[in-house]
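A.B. asks: The structure is given below, and queries will be raised subsequently.
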Amino acid sequence: MEFVNPEGLRLDGRRPMEMRQLRAEIGVVSKADGSAVFEMGNTKVIAAVYGPREVQNRSQQSNDQALVRCEYSMANFSTGDRMRKPKGDRRSTEISMVIRQTMEACILTHLMPRSQIDIFVQVLQADGGTRSACINAATLALADAGIPMTDIVTSCSAGFLNGTPLLDLNYVEDSAGGPDVTVGILPKLDKVTLLQMDSKLQMETFETVMQLATEGCKAVASYIREVLLENTKQLESRRGV
Amino acid sequence: MESKSSMPSPSLIDQQVFPGDVVLDMSKITSQTIKLGGGLHQDGDLISVTKAGVMRFSKPNKYWVESSHKQYVPSAGDNVIGVVVDARYSINFYVMYQNFSVDIKCSTLAFLPVLAFEGGTRKSIPKFERGTLLYLRVVKADAGMNPELSCRDASGKAANYGPLKDGLLSSPTCPVLESLGKKIAFEISVGLNGRVWVNSSTPPAVVLVSSTIIQMAQQDESLLHDQLHIV
Amino acid sequence: MLQSKSFVKKTKQGKVLKVVREHYLRDDIYCGAPFCKVCDVAAARLDSNASTIIIVDTNVVLHQIDLLENPAVDNVVVLSIVLEEVKNKNLAVYNRLRALCSNTLRRFFVFSNEYHKDTYVKIEPGESPNDRNDRAIRVATQWYQHHIGAAARVLLVTNDRDNKRKAIEGGIPAETVESYAKSLGQPALLDLIVQAPAEDVTMEDAEDLRPSKRKTIYAEHKPMSEITSGMHRGIYHQGKLRVNRYNPFEAYVGSESIGDEIIIYGRTNMNRAFDGDIVAVELLPQDCWKEEKSLAIANDEDDEDDDVHLAPSSADDAPRVSHPSQISIGNKSDMPTRPSGRVIGIIKRNWHTYCGSLEPMPMPAGDGGIAHALFVSKDRRVPKIRIQTRQLGNLLDKRIIVAVDSWDRLSRYPSGHYVRTIGEIGDRDTESEVVLIENDIDARPFSSQVLACLPPLPWSVSAEDIANPIRQDLRHIRVFSVDPPGCRDIDDALHCTFLPSGHFEVGVHIADVTNFLHSGTPLDDEASQRGTSVYLVERRIDMLPKPLTEDICSLRADVERLTFSVIWEMTPEAEIISTRYTKAIVKSCAALSYVEAQARMDDSRMADPLTTDLRNLNKLAKIMRQKRIERGALTLASAEVKFQIDTETHDPLDIGMYQIREANQMIEEFMLAANISVAKKILEHFPPTSLLRRHPTPTNDMLEPLIQTAASVGLSLDVTSSKALADSLDRAVGDDPFFNKLIRILATRCMSQAVYFCSGDLSPPEFYHYGLAAPVYTHFTSPIRRYADVIVHRLLAASLGICRLPDIFQDRPRLTGIADNLNYRHRNAQMASRGSVELHTLIYFRKRPTYTEARILKIRANGFIVFVPKYGIEGPVYLTSRGQKGGGEWIIDEQQQKIKKTNGEVSYGVLQPVRIHMEVVESQPNRPKLELTLVC
């Protein structure tokens with residue numbers, strides 16, 4: 001199948017190096033300590049953060065750092081064919097773990113010993129790149145909750161189809177079975193916290209694809225900064241300062 | 001967290017900062033001791049931000065990031081409003097139950113020793129139910145320990161601490177209680193942990209006062225004054 | 001960059017599924033006109049002083065692609081919506097259009113109107129997708145009109161009346177294809193125009209010259225919805241229609257739903273389907289299933305008959321004759337077993353262009369006017385095609401190419417249009433080109449981009465090559481090559497050294513083509529497209545440019561050449577002790593021909609080292625061959641012929657069967673061994689992405705003709721395994737020496753051909769190569785003339801860690817695609833070679849009527865089919881003249897496969913020799929054919 005036509009346009013009209021439209025909103029769940037909705041095109045993810053709070057299961061309590069837990073789920077209505085998905089299947093367990101590890105890397109857990117932080121991520125609408133969107137939503141929710149972090153984590157995926165590196169694959173491109181590299185970075189520190197790839201890729205190609213994904217992460221980071229800035233401004237004015 | 005330093009770059013003061021931003025490099029500055037508040041983190045020589053918010057500076061040497069978060073960080077001497085979570089106690093056998101567990105909206109439950117009341121003796125331990133509201137003082141707040149509360153002031157008097165009966169608990173912040181008080185008589189306890197308790201003579205009055213406070217907290221500054229007139 | 005969003009919602013049938021896709025509209029899509037002031041002109045493709053810019057609609061592209069391909073038409077804007085529609089409707093036309101758009105000589109520009117913020121149109125409620133697309137085309141045209149302004153005229157070319165009317169109403173200049181073509185002022189262009197299919201033309205408009213013919217000839221095709229529901233219910237069956245190459249009135253549809261082939265007899269039942277079409281078939285009631293025998297040699301209303309042709313070399317080439325039910329074992333019922341059916345609808349057309357000539361006809365009065373003519377394709381599977389032409393006089397004695405446009409129910413023949421002329425009929429060059437075109441072989445010279453990839457000439461082994469640690473220096477070893485005489489592209493050489501340990505070191509050195517042919521270069525793309533060199537009688541069409549083929553890669557004598565070598569250590573009993581693969585440098589000491597090598601080995605007086613090596617190798621090869629045969633490998637035979645060509649006129653001087661010597665077998669043995677070793681190695685390293693070659697085990701059905709023929713001469717063959725078959729073939733010794741070979745030839749043609757495949761697509765048991773009795777096999781030894789070997793070289797190099805694996809090996813579907821293309825090209829190359837041999841046979845016998853001996857292969861109702869071993873040809877001998885029933889003076893027993901003369905004097909059976917007379921006759925002008933007659 002042709003994913004990039006000779007005119008250099010992808011199936012949805014993007015060029016290979018372009019991302020989908022980003023949109024984010026902070027504070028969407030009033031009950032939670034921090035929450036956010038993050039959209040990458042048609043992929044829509046909601047994240048809620050509770051904590052730091054009392055550790056529920058005492059045996060898991062750690063005396064020198066906070067316990068970070070993450071639960072990923074996909075809404076039944078998130079895909080075209082409405083299916084009841086069993087909770088805790090392999091895929092969501094895996095993604096939960098990926099998000100937890102990625103977020104743990106940036107949270108200053110040692111500042112909050114003997115407490116736990118819960119991150120709930122739910123995919124409301126899936127159109128490829130859910131992993132990245134989840135991480136971005138979780139970052140925003142954590143920032144909203146005021147949980148100390150060394151840096152924000154941002155994530156973006158890139159693939160390689162028709163001999164062209166493509167940024168931010170959507171569902172159609174993702175299901176083509178080509179390589180799909182998901183990268184999560186700490187943009188300020190320029191460190192990689194997440195790197196996953198399906199299928200195989202030549203080393204040289206891999207580097208260009210990863211470079212592209214990293215660029216994507218940086219673009220996401222600057223958007224997230226903007227959103228946080230807007231949010232901080234609003235809070236300031238609310239406070240009446 | 002204290003270290004020697006001179007002034008940070010003044011440009012950052014009162015500016016918005018984000019997690020990961022480096023605000024100070026201590027290898028480049030000498031002299032002076034600085035104090036770091038919440039939202040700042042020392043990593044080697046670098047001081048970086050850990051929360052999104054506004055950088056604040058207070059003379060001579062205090063820095064912190066003012067941010068919004070829905071959690072309270074307890075500090076000794078704060079007056080807070082707490083909810084009793086666990087009212088069981090036993091003095092004789094189990095060490096665990098020498099305290100009431102109180103939720104004061106911080107990351108861990110706070111302990112209220114059963115004897116921390118005015119003239120508290122074994123015989124005068126008050127009976128609380130789960131969910132009882134208390135106006136309390138934070139006595140100890142050390143990292144790595146549950147905060148300790150008390151219902152006595154420094155001199156051991158009850159002052160205004162103690163259970164809050166009836167009324168409605170809400171959690172806004174509002175600078176206009178005074179003007180409100182001119183119109184309606186009500187009783188209010190404001191805890192530093194972001195909780196406000198209101199009580200008045202009739203339930204409608206309670207609802208009116210608390211909803212006014214909540215509404216205002218959500219309005220913009222400019223609208224605030226107009227609203228006051230209406231009330 | 002502006003990214004606005006809108007949603008395109010689709011509902012797929014079957015499972016109702018709402019699909020939401022993003023659709024970004026952009027403001028950075030440019031108009032492609034170099035004189036445009038607003039747009040970025042870097043990618044502009046249109047002429048800088050174009051007076052008219054043409055925008056075509058989908059149907060114009062679909063039907064008039066031949067016109068668009070004519071250089072007279074230029075400055076065309078192709079809208080992305082048009083491309084998309086064309087792609088969905090006809091992939092072949094789409095590829096041609098894409099080729100036009102990327103051709104730098106042509107001025108075709110693709111405008112992505114669907115993604116442009118001003119030209120994107122949303123479907124309106126109640127609007128059909130077609131109307132919406134038409135509107136999109138008009139909106140885009142209008143946008144061009146406003147955008148270009150006075151700089152050029154924008155013209156919408158459409159044959160859709162409604163569209164044209166709406167365009168003109170909207171102030172857009174629009175014309176039909178015809179009026180546009182007329183405005184170009186080249187009458188020849190009008191021949192290229194496809195006449196509107198009858199469905200679109202109302203009956204009043206269709207002026208028909210022969211009203212008597214205006215009756216319904218074919219049944220109506222069922223609508224698609226009915227076909228789909230019929231297939232769900234199991235009353236219709238879908239499959240690809242394959243017309244019998246030897247009898248165009250008989251076709252087969254392989255249906256998965258039945259698990260058997262459905263036979264379709266006659267054009268009426270075929271109902272306008274062409275070979276290769278995907279059709280829906282309905283089974284006929286069982287009492288209509290015809291008996292095989294009644295088919296005999298085709299005789300329908302058209303006077304078509306069997307041609308003399310080259311003997312087929314595998315089941316893929318052979319006419320599909322099936323067994324009469326009486327003989328087939330275990331079939332007790334009298335009912336014929338093979339279901340027959342009729343086509344009720346065509347799901348996908350496989351129309352393309354066809355080579356052939358016009359049926360001779362008198363020139364119509366009034367020269368220069370439009371004439372209707374019937375076109376007869378060279379490919380007998382294709383029916384005659386009716387075309388309109390204004391240049392009849394010109395075309396009558398020419399080979400021309402014609403495309404099919406439509407076939408309505410009222411006409412016996414499909415209608416088409418003339419595309420181009422190849423040359424004079426009967427001219428050798430023309431006919432050769434026809435062979436090439438028919439087999440889709442690209443014989444064009446290599447493009448300059450391709451040639452730019454070649455190393456500078458004269459090339460010689462450089463110091464770097466010698467210093468390269470991955471390259472072993474084997475120049476001191478006595479390496480030699482053995483090839484057919486006159487071979488210029490020598491891609492293999494051998495050496496054989498006696499080791500002190502008493503073992504032999506045997507090396508197979510293969511030209512290191514991948515050292516020059518790098519993945520991803522234009523040269524590589526071209527080679528991968530061509531897939532193989534094609535050997536015709538008088539010329540060779542190379543896969544790689546000549547400098548590589550004949551010089552740089554060719555392992556000629558006394559020059560240093562780079563190789564990729566497989567080196568074994570073998571015991572004198574030909575046990576392989578160790579295998580080593582390396583890139584190397586060799587210097588061949590002799591390029592022998594098979595004859596020379598054989599002579600050296602046979603001449604006991606010669607004892608030079610080279611001859612000793614040859615003899616050692618031959619000894620080893622014989623042992624290896626014996627082992628292979630013990631494993632169950634088949635010794636097959638084919639009737640290959642060899643021409644002697646006049647160097648001046650290129651006419652064939654002599655013709656004869658190719659003689660196979662021991663030396664040939666010796667070389668073959670080592671090549672097989674190298675291929676097997678390499679196949680094992682690459683499969684071990686790259687289990688999912690190796691390119692291997694397999695030979696499917698023939699089914700009993702396929703071997704049935706062989707068993708029957710053998711049975712009729714009292715021979716029983718055991719076909720349970722390749723070993724059993726090999727043994728029974730060995731035992732099949734008749735009373736004359738040629739008998740065994742004949743049986744082997746027959747066995748060979750029952751089997752299908754070996755094919756390339758990607759190892760990830762099949763399970764290991766399917767990797768088996770039946771003919772060689774090898775669990776894995778690949779092609780490694782001829783990288784100069786086969787692209788498969790190039791791929792295998794790359795795989796082997798990567799498995800040794802010499803170089804990295806090119807990207808395509810990551811992409812299994814692409815590798816499968818390459819394997820499919822290689823199979824297609826390989827097969828076409830063989831067909832072309834056969835075509836070329838057939839052509840030269842005809843030329844040879846044109847002046848030489850000959851008496852010769854032939855063997856009867858099969859007896860039919862009105863004659864028999866003979867095989868002429870000397871010339872490797874096969875054809876019918878008619879005992880009765882056409883139309884006459886019965887055998888005349890002959891009694892033909894088709895079931896017993898016996899012929900007797902009425903007076904009982906002479907009788908013939910299958911495989912018996914007969915004497916025949918061969919002569920070229922021209923029963924129709926310009927249609928020479930070889931005729932075989934029995935000599936008593």
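Protein chains in written order, with the UniProt record's numbering: chain A, 1 to 241; chain B, 1 to 231; chain C, 1 to 936.
Beta carbons are placed, not taken as given, at the ideal position from N, Cα and C, and that holds for glycine.
(1) Report buried or exposed for C:Ile370, applying the criterion of at least 16 other Cβ atoms within 10 angstroms of its Cβ.
(2) Considering only their Cβ atoms, is the gap separating A:Gly41 from A:Asp127 smaller than 8 Å?
(3) Just the chain A side, please: which residues come within less than 7 Å of B:Ser67 by C-beta, in chain order?
(4) Step through the CB atoms of chain A and report whether any lies within less than 8 Å of the CB of B:Lys62.
(5) At a cut of 8 Å, does the region 405 to 415 of chain C reach the region 372 to 386 of chain C through at least three beta carbon pairs?
(6) Closest to B:Ile34 by C-alpha separation, out of B:Tyr63, B:Val190 and B:Ser201, would be which residue?
(7) Could you confirm whether any beta carbon from chain B is found closer than 8 Å to the beta carbon of A:Glu25?
(8) Using a Cβ cut-off of 8 Å, pull out every chain A residue sitting near B:Leu109, in sequence order please.
(9) For the putative contact between C:Arg693 and C:His769, defined by C-beta atoms under 8 Å, what is the C-beta separation to the nearest angstrom?
(10) Nearest chain A C-beta to B:Ala141 closer than 8 Å, yes or no?
(11) Between C:Phe643 and C:Ile655, is the Cβ-Cβ spacing less than 8 Å?
(12) How big is the Cα-Cα spacing for C:Lys164 and C:Asp277?
(13) Out of A:Leu140, A:Ile46, A:Thr164 and A:Glu54, which has the shortest C-alpha to C-alpha gap to A:Ala75?
(14) Tell me the residue span of the alpha helix (DSSP H) that contains A:Cys134.
(15) According to DSSP, simplified to helix, strand and coil, what is B:Lys157?
(16) When the Cα of B:Pro19 is compared with those of A:Tyr171, A:Ala145 and A:Asn63, which residue comes out closest?
(17) Taking contact to mean 3 or more Cβ pairs, one atom from each stretch, closer than 8 Å, check whether the region 15 to 30 of chain C and the region 105 to 120 of chain C are in contact.
(18) If contact means a Cβ-Cβ distance below 9 Å, which residues of the UniProt domain "Exoribonuclease phosphorolytic" (151 to 216) of chain A contact chain B?
(19) Residues of the region 21 to 32 of chain C in Cβ contact with chain A at a cutoff of 7 Å, in chain order, please.
(20) Which stretch, first to last residue, makes up the alpha helix (DSSP H) that contains C:Pro609?
(21) Chain A partners of B:Val54, CB-CB under 7 Å?
(22) Is it true that the CB of C:Val921 sits closer than 8 Å to the CB of C:Leu842?
(23) Hey, how far is the Cα of A:Ile224 from the Cα of A:Glu215?
(24) What are the residues of the region 108 to 136 of chain C that lie near chain A, defined by any Cβ-Cβ distance shorter than 8 Å?
(25) Is the Cβ of A:Glu39 closer than 8 Å to any Cβ of chain C?
(26) Taking the alpha carbon of A:Ile147 as the reference point, which residue from A:Ile119, A:Val123 and A:Cys217 has its own alpha carbon closest?
(27) Applying a beta-carbon distance threshold of less than 7 Å, which residues of chain C neighbour A:Thr9?
(28) Looking at C-alpha atoms only, which residue of A:Glu71, A:Val55, A:Tyr72 and A:Cys70 is the closest neighbour of A:Asp64?
(29) Three-state secondary structure (DSSP) at C:Phe867?
(30) When you compare the CB of A:Gly51 with every CB in chain B, is at least one pair closer than 8 Å?
(31) Could you name each continuous alpha helix (DSSP H) segment of 4 residues or more that falls completely within the region 506 to 574 of chain C, going from the start of the chain to the end?
(32) If I measure Cβ to Cβ from A:Val181 and keep anything under 6 Å in the same chain, skipping five residues before and after, which residues do I get?
(33) Less than 8 Å between CB atoms is the rule here; does C:Lys348 satisfy it with respect to chain A?
(34) Report the rounded CA-to-CA distance for C:Asp305 versus C:Glu874, giving the unit in angstroms.
(35) Within its chain, find whatever has a CB closer than 8 Å to the CB of B:Thr50; leave out the 5 residues flanking it on each side and keep chain order.
(36) In the DSSP assignment, what residue or residues form a beta bridge with A:Asp24?
C.D. replies: In this structure, then:
(1) Exposed is the call here.
(2) Going by C-beta atoms, A:Asp127 is nearer than 8 Å to A:Gly41.
(3) In chain order: Gly146.
(4) Contacts with chain A at 8 Å (Cβ-Cβ) do not include B:Lys62.
(5) The answer is yes - the region 372 to 386 of chain C touches the region 405 to 415 of chain C, with three or more Cβ pairs under 8 Å.
(6) Its Cα nearest to that of B:Ile34, the residue B:Tyr63 stands out among B:Tyr63, B:Val190 and B:Ser201.
(7) Not an interface residue.
(8) Chain A residues near B:Leu109: Glu54.
(9) Taking the Cβ atoms as the reference, C:Arg693 lies roughly 7 Å from C:His769, within the contact range of under 8 Å.
(10) So, not an interface residue.
(11) In this structure, C:Ile655 lies closer than 8 Å to C:Phe643 by Cβ.
(12) Each residue's Cα considered, the two are about 33 Å apart.
(13) Ranking A:Leu140, A:Ile46, A:Thr164 and A:Glu54 by Cα distance to A:Ala75 puts A:Ile46 first.
(14) For A:Cys134, the enclosing alpha helix (DSSP H) covers residues Thr130 to Ala145.
(15) DSSP places B:Lys157 in coil when its eight states are reduced to three.
(16) It is A:Ala145 whose Cα lies nearest to the Cα of B:Pro19.
(17) Output reads yes: the region 105 to 120 of chain C touches the region 15 to 30 of chain C.
(18) Those would be Asp151, Ile152, Leu186, Pro187, Lys188 and Leu189, in chain order.
(19) Residues are counted here when their Cβ sits less than 7 Å from a Cβ of chain A; for the region 21 to 32 of chain C these are Arg21, Glu22, His23, Tyr24, Leu25 and Arg26, given in chain order.
(20) Segment Pro609 to Arg631, the alpha helix (DSSP H) holding C:Pro609.
(21) Simply Thr232 and Glu236.
(22) For C:Leu842 and C:Val921, no; Cβs fall outside 8 Å.
(23) Distance between the alpha carbons of A:Ile224 and A:Glu215 is about 14 Å.
(24) Those would be Val110, Ser112, Glu114 and Tyr115, in chain order.
(25) Contact of A:Glu39 with chain C is not assigned, every C-beta pair being separated by 8 Å or more.
(26) Comparing alpha carbon positions, the residue from A:Ile119, A:Val123 and A:Cys217 closest to A:Ile147 is A:Ile119.
(27) One point to set straight first is that residue 9 of chain A is Leu, not Thr, in the sequence displayed. Within chain C, the residues near A:Leu9 are Ser112 and Tyr115.
(28) Measuring from the Cα of A:Asp64, the nearest candidate turns out to be A:Val55.
(29) C:Phe867 falls in the strand class under three-state DSSP.
(30) Under the Cβ distance rule, A:Gly51 counts among the residues neighbouring chain B, one pair being separated by less than 8 Å.
(31) Within the region 506 to 574 of chain C, the runs of alpha helix (DSSP H) at least 4 residues long that lie entirely inside it are, in chain order, 522 to 530.
(32) Here the set comprises Ala158, Met197, Val209, Met210 and Ala213.
(33) Answer no: the Cβ-Cβ gap between C:Lys348 and chain A never drops below 8 Å.
(34) Residue confidence is low: C:Asp305 scores 46 on pLDDT, short of 50, so the model does not pin down where it sits. Its coordinate-derived value is still stated next. If I take the Cα positions, the gap works out to 14 Å.
(35) The residues are Pro19, Gly39, Leu40, His41 and Val65.
(36) Sequence inspection shows Ala at residue 24 of chain A; the Asp mentioned does not correspond to that position. Beta-bridge partners assigned by DSSP to A:Ala24: A:Phe38.
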